[in-house]
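Protein chains in written order, with this note's numbering: chain S, 948 to 1253; chain D, 49 to 336. One structure is given here, and the rest of the page talks about it.
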């Protein structure tokens, strides 16, 4: 077999007339691919825009201070003066506790796995694999686990702390994976420079690696928390109360949360409830959006360029 | 084979230590500050460098030259236990520092690296201010310093960088040019007052003017420090060093490459009158 050779005949003849560089050739493949990508983007964006428009229009009448100053009610006659305060406060309680529980555990686990664990050991590889798997476990499974172990076996009951622990477990893999990515993005040369000056491992990690990884860790953590905020499935089995007219006042308090409240509103037939649900959805979206904005701000403000 | 037997090995001539193997005139040498004998470095089961023996003389510049993959950087990293950071790396033979074997169990690698600093191929300042880059070493090692400002200034002066940065000590080290960054890395290293500075191709990422500055700086620093430099640049080795070690890569019967020290001698002698044919071929540009 002879190998194909490139000869000078295949070159465009520079002296030939009519092959001017200014004659644009059409390239159908390029155009088609570009259109396909734009169509995909349009679908994703279009659905989101439609959803947003729908909840805004539907909930427009309820988008006022009543949402966060008034309690929900089960009586249609009182709906005019109802809001979702108890659910909002419940959500804020839960998310603060989730942050307190899952960020330290997740970040320290990630530091161990990335900086200390010997990846040639089978148990460390097993740990890694399982964390990846945990991230894919459906959230309802976490809810059932929490019901069996935390609410019943540990006797913590249907309380704020039970919900916070279960949601922490749920988003822990996300925090660990995001933190590991951030730590891994710190160049090895920085660690070597630190060691070469006689720094210890912990000094290197705490003074060089972590400060450089903070933007990534913060971004990942906030995104994990905003996922926990929107999570309803595990709370359904964990006894989030559907209509509650008091705010949680402690770790052992009963509670409800925004996603649950929205769910119970829309399962009712009256249109007033649907309106209130739409208002609550806008409120929940606003919180998530605010948190994501903080994540983007932190990333842009503190991002390191090497 | 007895790993400490550095003499009578075919193909390896060690002037100064096992001088009888070459018959060359012995350079007048004091007690070396470091000494390698029979050092082999393994990455897992692979023997990257085989059986290296050479001294490092105090307040002299020792250059290691040779083609890529000859193990010179590997040997350099074994001198302050930076190889510990590579999973699976292992050193056999002995590396002594003032007579103390660096690879015995009770040796703390942190303490080793405080005394034997390192400058890397690619300038790698911390993403911190110039001041904090220099102050980092003294801070983490808990050095007792009367005035950190004075120490930072002294280190930057010694690294010939002070005049260029004295008005912007609070700006990021990453904002400097490549050559300035490398001198910042040198300043950072000498701030902890090591006895020995290892340099792993410190000029390979720099332009000729920055290179000339670093070379001048090395000569200056050799009044106070022992320097070991790995370089691809033979002219650089010839210009700055007092001793030169020539390494090459050998292919064994199983087709594996192993780095090997071919010749160690005073720089002038190695470049003008090499004892080994392979050294001569390399420095005259016939291979590598």
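Idealized CB from N, CA, C, for every residue including glycine.
### Query
Looking at C-alpha atoms only, which residue of 1048(S), 1185(S), 1179(S) and 1219(S) is the closest neighbour of residue 1254(S)?
Past the edges of chain S, shown from 948 to 1253, lies residue 1254(S), and the structure says nothing about it.
### Near-chain S residues of the region 93-123 of chain D (beta-carbon distance less than 8 Å), N- to C-terminal order
Residues passing the 8 Å Cβ filter: none.
### Query
Which term fits residue 95(D), buried or exposed, when burial requires 16 or more other beta carbons within 10 angstroms of its beta carbon?
Buried, since its Cβ has 16 or more Cβ neighbours within 10 Å.
### Query
residue 1176(S) and residue 1042(S) look like a contact to me (Cβ under 8 Å); what is the Cβ gap, rounded to whole Å?
Yes, they are in contact, since the Cβ atoms of residue 1176(S) and residue 1042(S) sit about 5 Å apart, within 8 Å.
### Message
Can you list, in chain order, the residues of its chain with a C-beta nearer than 6 Å to that of residue 248(D)? Leave out the 5 residues immediately preceding and following it.
### Response
Only 121, 124, 168, 169 and 278 meet the Cβ criterion.
### Query
DSSP three-state call for residue 146(D): helix, strand or coil?
Taken through DSSP and simplified to helix, strand or coil, residue 146(D) comes out as coil.
### Residue range of the unbroken beta strand (DSSP E) whose run includes residue 311(D)
Under the DSSP assignment, residue 311(D) falls in the beta strand (DSSP E) whose first and last residues are 305-314.
#### Entry: Best match in 304(D), 312(D), 243(D) and 298(D) for proximity to residue 45(D) [C-alpha to C-alpha]
This structure leaves residue 45(D) out entirely; chain D is present only between 49 and 336.
### Query
Given a threshold of 16 other Cβ atoms within 10 Å of its Cβ, counted over all protein chains shown, does residue 1008(S) qualify as buried or as exposed?
That one is exposed.
### residue 334(D): CB within 7 Å of a non-hydrogen atom of the ligand FMN
The ligand FMN is absent from the structure shown, which contains no ligand whatsoever.
### Query
What does residue 1159(S) reach in chain D if we use C-beta pairs closer than 9 Å?
Neighbourhood of residue 1159(S) in chain D, by CB distance below 9 Å: 174 and 175, in chain order.
### Query
Near residue 1241(S), which residues of its chain fall below 7 Å by C-beta distance, leaving aside the five closest residues on each side in sequence?
These residues qualify, in order along the chain: 1169.
### Query
Between 1071(S), 995(S), 1165(S) and 1131(S), which lies nearest to residue 1244(S) when the distance is taken from Cα to Cα?
Of 1071(S), 995(S), 1165(S) and 1131(S), the smallest CA-CA separation from residue 1244(S) is found for 1165(S).
### Message
I want to verify the contact list: residues of chain D whose CB lies under 7 Å from the CB of residue 1182(S), in sequence order.
### Response
In chain order: nothing, as chain D lies at least about 42 Å away.
### Query
Rounded C-beta distance between residue 1146(S) and residue 188(D)? I'm assuming under 8 Å.
Separation of the CB atoms of residue 1146(S) and residue 188(D) is rounded to 4 Å, and the pair is thereby assigned contact status at 8 Å.
### Query
Taking C-alpha atoms, which residue in 1050(S), 1160(S), 1096(S) and 989(S) lies nearest to residue 1062(S)?
Among 1050(S), 1160(S), 1096(S) and 989(S), the Cα nearest to that of residue 1062(S) belongs to 1160(S).
### Message
Under 8 Å, Cβ to Cβ, is there at least one residue of chain D near residue 1070(S)?
### Response
So, not an interface residue.
### Query
What residues in its chain sit with their C-beta under 7 Å from that of residue 181(D), if we drop five residues either side in the sequence?
Once the five neighbours on either side are set aside, the close Cβ partners of residue 181(D) are 173, 174, 221, 232 and 236.
### Task
Just list the alpha helix (DSSP H) runs in the region 1144-1227 of chain S, keeping only unbroken ones of 4 residues or longer that don't cross its boundaries, in chain order.
Positions of the alpha helix (DSSP H) runs, each at least 4 residues long and wholly inside the region 1144-1227 of chain S, are given as 1148-1151, 1157-1177, 1180-1184 and 1205-1213 in order along the chain.
#### Entry: Reduced DSSP secondary structure (H/G/I, E/B, other) of residue 45(D)
Outside the shown range of chain D (49 to 336) lies residue 45(D), about which nothing can therefore be said.
### Query
Across which residues does DSSP place residue 1070(S) in a beta bridge pair?
According to DSSP, residue 1070(S) bridges with nothing at all.
### Query
Looking at chain D, which residues of the region 985-1004 of chain S have a Cβ within less than 9 Å of any of its Cβ atoms?
So nothing in the stretch comes that close.
### Message
Taking the beta strand (DSSP E) that residue 96(D) belongs to, which residues open and close that run?
### Response
That run of the beta strand (DSSP E) goes 94-104.
#### Entry: Inter-residue CB distance, residue 1126(S) and residue 1141(S) (contact presumed, cutoff 8 Å)
No, residue 1126(S) and residue 1141(S) are not in contact; Cβ-Cβ is about 19 Å, not under 8 Å.
### Task
Can you give me, in chain order, the residues of the region 201-234 of chain D that have a beta carbon less than 8 Å from any beta carbon in chain S?
The region 201-234 of chain D vs chain S, Cβ under 8 Å: 222 and 233.
### Residues of the region 1104-1138 of chain S whose Cβ lies closer than 8 Å to any Cβ of chain D, in chain order
So the list reads 1134, 1136, 1137 and 1138, given in the order they occur along the chain.
### Message
For residue 1206(S) and residue 1178(S), what's the separation of their Cα atoms in angstroms?
### Response
If you take the alpha carbons of residue 1206(S) and residue 1178(S), they lie about 7 Å apart.
### Query
How do the region 300-314 of chain D and the region 138-148 of chain D stand: do at least 3 beta-carbon pairs fall below 8 Å, yes or no?
Result no; under three Cβ-Cβ pairs closer than 8 Å.
### Message
Using C-beta distances below 6 Å, list every residue in its chain close to residue 1018(S), excluding the 5 sequence neighbours before and after it, in chain order.
### Response
Once the five neighbours on either side are set aside, the close Cβ partners of residue 1018(S) are 1032, 1033 and 1192.
### Query
Whose CA, out of 285(D), 302(D), 301(D) and 300(D), lies closest to the CA of residue 294(D)?
Taking each of 285(D), 302(D), 301(D) and 300(D) in turn and checking the Cα distance to residue 294(D), the smallest one comes out for 285(D).
### residue 1052(S) vs residue 1010(S) beta-carbon contact at 8 Å
Contact: no.
### Query
Would you say residue 309(D) and residue 102(D) are within 8 Å of each other, going by their C-beta atoms?
Residue 309(D) is a Cβ neighbour of residue 102(D), given a cutoff of 8 Å.
### Message
Can you find the residues in the same chain that come closer than 7 Å, C-beta to C-beta, to residue 171(D), ignoring five residues on each side of it along the sequence?
### Response
Result list for residue 171(D): 226, 229, 230, 233 and 253, in chain order.
### Query
Is residue 219(D) near residue 270(D), with beta carbons less than 8 Å apart?
Contact: no.
### Query
residue 989(S) lies in the alpha helix (DSSP H); which residues open and close that run?
In this chain, the alpha helix (DSSP H) harbouring residue 989(S) covers 975-1006.
### Query
In terms of alpha-carbon separation, which member of 93(D), 166(D) and 105(D) lies closest to residue 305(D)?
Of the listed residues, the one whose Cα sits closest to residue 305(D) is 93(D).
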